[in-house]
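A.B. asks:
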Amino acid sequence: MYLSSALKAKGHDVKVLNYNLWDYDLESELEKAEVAMFTGFEEFLPYIKRDAAICKELGIKTILGGALATFKPQEMLNYVDTVVVGEAEEVIENALTSLGIVPGHKPNLEVLPLPDYEGFGIDEYHIRHSRRYMGILTSRGCPYKCTFCAQTCKFKMRKLDSVFKEIDFYKDKYGIESICFNDNTLNLNKNRFLDICKGMYVSGISWGAAIRADHFDEQMAFYAKWSGCFYLVVGVESFKQDKLDRMNKRIKVDQIYKTLDLLHKFDIDYHGNVLVGFEDETEEDIQEELAGIPKHYKVFPVMVQPFIGTKDGRKRGIPEKIYSNLTSKFKEYIESKGKYCYPELVQA
1 MYLSSALKAK
11 GHDVKVLNYN
21 LWDYDLESEL
31 EKAEVAMFTG
41 FEEFLPYIKR
51 DAAICKELGI
61 KTILGGALAT
71 FKPQEMLNYV
81 DTVVVGEAEE
91 VIENALTSLG
101 IVPGHKPNLE
111 VLPLPDYEGF
121 GIDEYHIRHS
131 RRYMGILTSR
141 GCPYKCTFCA
151 QTCKFKMRKL
161 DSVFKEIDFY
171 KDKYGIESIC
181 FNDNTLNLNK
191 NRFLDICKGM
201 YVSGISWGAA
211 IRADHFDEQM
221 AFYAKWSGCF
231 YLVVGVESFK
241 QDKLDRMNKR
251 IKVDQIYKTL
261 DLLHKFDIDY
271 HGNVLVGFED
281 ETEEDIQEEL
291 AGIPKHYKVF
301 PVMVQPFIGT
311 KDGRKRGIPE
321 KIYSNLTSKF
331 KEYIESKGKY
341 CYPELVQA
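With the first letter of the sequence shown counted as 1, position 235 gets the number 235 in the UniProt record's numbering; the numbers rise by one all the way through.
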């Protein structure tokens, strides 16, 4: 969305193909295109290779950005003409006329144009989720270095006045009822979190976000509930301290319990995951992890899917002996890689 805005601001025509919603006749969609741009994680590489090959047959220049381009730039040049390493908004126009590797540049979040949602199917998302909502970023990146997660940009925060101007714009243009803050972690700074809550109370719309369990207290829980927070995703990952330490989570198990208890106290809906399937885990380790999930918490197992560029290079998965004993709904949740927003739908 940000790249579309950046290109349109420079006078380029942009058309978006959203394969998350629809299928396309690619050749007909590319009929007037001069450049095709791709992004996606490693599981999408077969489709990127397929579509990039079609583009090359049609004489259309291809550009790849995102995690694949950032962590495997040389390999990706086997499939596309140009890769952008890192953040692309300020270099994307240069990439249109460049070949090979184009280094990204850290953008000033205050001057970026608002993300462009034309062609992304906003109304279709609203229909499918029965809620008129939009996603928004108040920050990019993360200052932590968990072994299973990769960040392609340094942590930086937007000024909150620009965030609320964006929310007002979405209210006026799309009639939104909710905001999903897409930050990796919304609660790194307590005062800023409280200011966000105050602003959301004034906006009159509900909101959800992802939080860390070690930066949350009773005042923050109170303000979240008061301001219309309807859902939080909590970074749990494990109830075993030694495993949290191996993940470099920099968090204590008692902090996780404290945060989950506060969410129950203030009646804020939430979910968290415990990650299983690390390369060094035995069947006994996984069984112990699953058995250690407190039954009264909305915390669910999910197979780890380490991003490229992380210390945890590949998943092992859950041993069949354990997997066969899980309920069908838990299996569905695990196989979805935790994509469900409301995991209570898959409880036994």
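Yeah, the Cβ is synthetic: ideal placement off N, Cα and C, and Gly gets one too.
Among G272, M134 and G104, which residue has its Cα nearest to the Cα of E166?
C.D. replies: As a first step, residue 166 is located in the sequence shown; it is residue number 166 there, counting from the start. If we check each option's Cα against that of E166, M134 comes out closest.
A.B. asks: Kindly give me the distance between the Cβ atoms of A209 and D183, rounded to whole angstroms, as I take these residues to be in contact under 8 Å.
C.D. replies: Walking along the sequence shown from the start, residue 209 turns up at place 209. Walking along the sequence shown from the start, residue 183 turns up at place 183. 7 Å between Cβ atoms; contact.
A.B. asks: Pull up the CB-CB distance for E237 and N273, whole angstroms please, since I reckon it's below 8 Å.
C.D. replies: Reading the sequence shown from its first residue, position 237 is the one you call residue 237. Reading the sequence shown from its first residue, position 273 is the one you call residue 273. Rounded, the Cβ-Cβ distance is 7 Å, consistent with contact.
A.B. asks: Relative to the C-alpha of L17, which residue among C149, S206 and I48 is closest?
C.D. replies: Here residue 17 corresponds to residue number 17 of the sequence shown, with the count starting at 1. Closest option to L17, Cα to Cα, is I48.
A.B. asks: How would you call A9, buried or exposed, if buried means at least 16 neighbouring beta carbons within 10 angstroms?
C.D. replies: What you label residue 9 is simply residue 9 of the sequence shown in a count that begins at 1. Burial call: exposed.
A.B. asks: Give me, in chain order, the residues of the same chain whose beta-carbon lies closer than 7 Å to that of D116; leave out the 5 immediate sequence neighbours on both sides.
C.D. replies: The residue you call residue 116 lines up with position 116 of the sequence shown. Only M1, S4, S5 and K8 meet the Cβ criterion.
A.B. asks: For Y231, which residues in the same chain have their Cβ closer than 6 Å to its Cβ, ignoring the five residues on either side in sequence?
C.D. replies: Along the sequence shown, read from residue 1 onward, the residue named residue 231 stands at position 231. So the qualifying residues of the chain are G208 and D269.
A.B. asks: Can you tell me whether Y297 is buried or exposed? The criterion is at least 16 other CB atoms within 10 Å of its CB, across all chains shown.
C.D. replies: Along the sequence shown, read from residue 1 onward, the residue named residue 297 stands at position 297. Result: buried.
A.B. asks: Per the contact definition of three or more C-beta pairs closer than 8 Å, is the region 58-65 in contact with the region 28-43?
C.D. replies: A contact exists between the region 28-43 and the region 58-65.
A.B. asks: Does Y201 pass the burial test, meaning 16 or more other C-beta atoms within 10 Å, or should it be called exposed?
C.D. replies: Locating residue 201 in the sequence shown gives position 201, counting from the first residue. Exposed, by the Cβ-count rule.
A.B. asks: For M37, which of helix, strand or coil comes out of DSSP?
C.D. replies: Taking the first residue of the sequence shown as position 1, residue 37 is located at position 37. DSSP places M37 in strand when its eight states are reduced to three.
A.B. asks: Three or more C-beta pairs under 8 Å: does that hold for the region 276-286 against the region 217-230?
C.D. replies: No, the region 276-286 does not touch the region 217-230.
A.B. asks: Taking the alpha-carbon of T259 as reference, which of D214, F222, H12 and K240 has the nearest alpha-carbon?
C.D. replies: Stepping through the sequence shown from its first residue, residue 259 is reached at position 259. With distances taken between Cα atoms, T259 lies closest to D214.
A.B. asks: Here's a check: name, in chain order, each residue in its chain whose Cβ is nearer than 8 Å to the Cβ of K15, leaving out the five neighbours to either side.
C.D. replies: Working through the sequence shown from its first residue, we reach residue 15 at position 15. The residues are E29, A33 and G119.
A.B. asks: Sort out for me which residues DSSP pairs M1 with in a bridge.
C.D. replies: Within the sequence shown, residue 1 is the residue found at index 1, counting from 1. M1 pairs with nothing; no bridge assigned.
A.B. asks: When you compare only the Cα positions, how much space is there between D242 and G175?
C.D. replies: By one-based count along the sequence shown, residue 242 stands at place 242. By one-based count along the sequence shown, residue 175 stands at place 175. Using only the alpha carbons, I get a separation of about 47 Å.
A.B. asks: Please go through the same chain and pick out, in chain order, the residues whose beta-carbon is closer than 6 Å to the beta-carbon of A52, but skip the five residues on each side of it.
C.D. replies: Sequence index remark: in the sequence shown, residue 52 carries index 52 (1-based). Once the five neighbours on either side are set aside, the close Cβ partners of A52 are T62, Y79 and V80.
A.B. asks: Using a threshold of 8 Å, state whether the C-beta atoms of I251 and L262 are closer than that.
C.D. replies: Your numbering for residue 251 matches position 251 in the sequence shown. Your numbering for residue 262 matches position 262 in the sequence shown. For I251 and L262, no; Cβs fall outside 8 Å.
A.B. asks: What did DSSP end up calling G199 once you bin it into helix, strand or coil?
C.D. replies: Mapped onto the sequence shown, residue 199 falls at position 199. If DSSP states are grouped into helix, strand and coil, G199 belongs with the helices.
A.B. asks: Out of curiosity, what's the CA-to-CA distance linking residue 430 and C149?
C.D. replies: Since the displayed the chain opens at 1 and closes at 348, residue 430 lies outside it and no answer follows.
A.B. asks: Following the continuous beta strand (DSSP E) through Y231, name the residue where it begins and the one where it ends.
C.D. replies: Position 231 of the sequence shown holds residue 231. C229 to E237 is the extent of the beta strand (DSSP E) around Y231.
A.B. asks: State the Cα-Cα distance for the pair S206 and K295, rounded to the nearest angstrom.
C.D. replies: Mapped onto the sequence shown, residue 206 falls at position 206. Mapped onto the sequence shown, residue 295 falls at position 295. Distance between the alpha carbons of S206 and K295 is about 28 Å.
A.B. asks: So S98 is in the beta strand (DSSP E); what residue range does that whole segment cover?
C.D. replies: Start at 1 with the first residue of the sequence shown, and residue 98 comes out as number 98. Neither: S98 is in no beta strand (DSSP E) and is coded neither H nor E.
A.B. asks: Please list the terminal residues of the continuous beta strand (DSSP E) segment that includes M76.
C.D. replies: Here residue 76 refers to the residue found at position 76 of the sequence shown. Not the beta strand (DSSP E): M76 falls in the alpha helix (DSSP H), residues P73 to M76.
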